[in-house]
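Colleague:
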Amino acid sequence: MEKPNNNGRLQGRTCTEEEAAALCLENPGECVVCRETYDDRDHQPRIIPCGHTYCYQCLAAIVRQGKNGFITCHCCKASHKGTCADQFPINYNIVAVMIKNKEIRRLYPALNKNQTSEGASTSGGKKESKKKEMKRRKAEMKREKKEKRDLQTHLCQYQAQLHKWEAEHLQYMHKLHAMVEENKAALFLLEQVSAKIEAQQAAGEERDEKMHDLLRRMKSVSTAQEAVKVISQVKQYREEERDWEECQEIFPDFNALNKHMQVLSERFQVPLPRKYL
């Protein structure tokens, strides 16, 4: 088959409509991002170093999304240096195809009818696809809304349970604090009694030593004067001994003992914290 010249005609003879239709690309090219057909204005085809082509508007958006003076190809993820869409060249291969198709359609108007019909069909298909997409998105949003509402309800219930546990712990801490204070008071009384006992024990040991000393002196008495002196000391010792023996009347200290027993009995009345399930 002969190659067509720039006017869309085969060298040596005229193209038939079937041959022209075969040569004509019904869609000379569309941007892979916005799906708009390339033109010589806002959707002018621009090629980047990796070989992929975008319309001018989409390439400008890609440049704005770039970082540190580099852009990323949406098709192959290759990275290229670029800070402006204008610095990338026009894809003249696509431009040439567009010009050739335009000339072919001018020579064969019947192809324009087919293009219009198929374009309308494609447009209708896109609208139908958008409706399905919207329906699917709406269903997803409703499902997510219900899930979030259920989650909020669960969080509110859990928070209420946490507040209840906090109140129980605070109540238990107050009871423990009261127990601590009562134990401190009982312990203070017991310590006072213990200190008194230690003092009486020390005094008793001193009296024992004094008694042994008097016994030794009584054995060594040789004169009436010494005997009178020792007898006087023995009388004084006996008076002090009676005072010391009277200390037994304050033991045990029933006030301290009662406080001690009261605290011990109340210890078992404090409720234990419940087990949280």
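Take the sequence shown: its position 6, counted from the start at 1, is 6 in full-length UniProt numbering, and no numbers get skipped. Glycine residues also receive a C-beta, built at the ideal position from the N, C-alpha and C atoms.
1) By Cβ distance, which residues of its chain are closer than 8 Å to serine 232, with the 5 residues on each side in sequence left out?
2) Whole angstroms is fine: what's the gap from aspartate 208's alpha carbon to lysine 196's?
3) Once you ignore the five residues that flank glutamine 44 on each side, which residues in its own chain have a CB closer than 8 Å to its CB?
4) Give me the DSSP bridge partner(s) of isoleucine 71.
5) What's the C-alpha gap between alanine 78 and leucine 107?
6) So, helix, strand or coil for glutamate 36, using DSSP?
7) Assuming histidine 80 and isoleucine 94 are in contact, meaning their beta carbons sit under 8 Å apart, how far apart are those beta carbons, in whole angstroms?
8) Mind checking arginine 41: buried by the 16 CB within 10 Å criterion, or exposed?
9) Straight-line CA distance for glutamine 65 to alanine 160?
10) With H, G and I counted as helix, E and B as strand and the rest as coil, what does DSSP make of leucine 55?
11) Taking the straight line between their C-alpha atoms, what separation do you get for alanine 202 and valine 193?
12) Expressed to the nearest angstrom, what Euclidean distance is found between the alpha-carbon atoms of tyrosine 158 and alanine 139?
13) Could you pull the DSSP bridge partners for glutamate 30 from this structure?
14) Using only alpha-carbon positions, find the residue among Thr83, His52 and Glu147 that is nearest to histidine 74.
15) Taking the straight line between their C-alpha atoms, what separation do you get for tryptophan 167 and arginine 143?
16) Please say whether cysteine 58 and cysteine 34 have beta carbons closer to each other than 8 Å?
17) Helix or strand or just coil, what does DSSP make of lysine 90?
Modeller: Let me spell this out:
1) Taking the sequence shown and counting its residues from 1, the one referred to as residue 232 is at position 232. So the list is empty, once near-sequence residues are dropped.
2) What you label residue 208 is simply residue 208 of the sequence shown in a count that begins at 1. What you label residue 196 is simply residue 196 of the sequence shown in a count that begins at 1. Going by the C-alpha atoms only, they are around 18 Å apart.
3) By 1-based counting over the sequence shown, the position of residue 44 is 44. Excluding positions up to five away in sequence, the list reads Tyr38, Cys55, Tyr56 and Ile90.
4) In the sequence shown, counting from the first residue as 1, residue 71 sits at position 71. Note: isoleucine 71 is bridge-paired with His80 in the DSSP secondary-structure output.
5) Within the sequence shown, the letter at position 78 stands for residue 78. Within the sequence shown, the letter at position 107 stands for residue 107. Straight-line Cα distance between these residues: approximately 41 Å.
6) If you number the sequence shown from 1, residue 36 lands on position 36. Residue state, collapsed to three classes: coil.
7) Counting from 1 along the sequence shown, the entry for residue 80 is found at position 80. Counting from 1 along the sequence shown, the entry for residue 94 is found at position 94. So it is not a contact: roughly 19 Å between Cβ atoms.
8) Looking up residue 41 in the sequence shown gives position 41. Answer is exposed; the Cβ neighbour count stays below 16.
9) By 1-based counting over the sequence shown, the position of residue 65 is 65. By 1-based counting over the sequence shown, the position of residue 160 is 160. Those two C-alpha atoms are separated by around 46 Å.
10) Residue mapping note: residue 55 aligns to position 55 of the sequence shown, counting from 1. Checking the sequence shown, residue 55 turns out to be cysteine, not leucine. Here cysteine 55 sits in strand by DSSP.
11) In the sequence shown, residue 202 corresponds to position 202, counting from 1. In the sequence shown, residue 193 corresponds to position 193, counting from 1. For alanine 202 and valine 193, the gap between their C-alpha atoms comes out near 14 Å.
12) What you label residue 158 is simply residue 158 of the sequence shown in a count that begins at 1. What you label residue 139 is simply residue 139 of the sequence shown in a count that begins at 1. Linking tyrosine 158 to alanine 139 through their CA atoms gives a straight-line distance of about 29 Å.
13) Working through the sequence shown from its first residue, we reach residue 30 at position 30. DSSP output for glutamate 30 lists Thr37 as bridge partner(s).
14) Numbered from its first residue, the sequence shown carries residue 74 at position 74. Checking every option, the nearest Cα to that of histidine 74 belongs to His52.
15) Numbered from its first residue, the sequence shown carries residue 167 at position 167. Numbered from its first residue, the sequence shown carries residue 143 at position 143. Tryptophan is not the amino acid found at residue 167; the sequence shown has alanine there. Distance between the alpha carbons of alanine 167 and arginine 143 is about 37 Å.
16) Reading the sequence shown from its first residue, position 34 is the one you call residue 34. Reading the sequence shown from its first residue, position 58 is the one you call residue 58. Yes, they are a contact pair.
17) Sequence index remark: in the sequence shown, residue 90 carries index 90 (1-based). The sequence shown places isoleucine at residue 90, rather than the lysine named in the question. Isoleucine 90 falls in the strand class under three-state DSSP.
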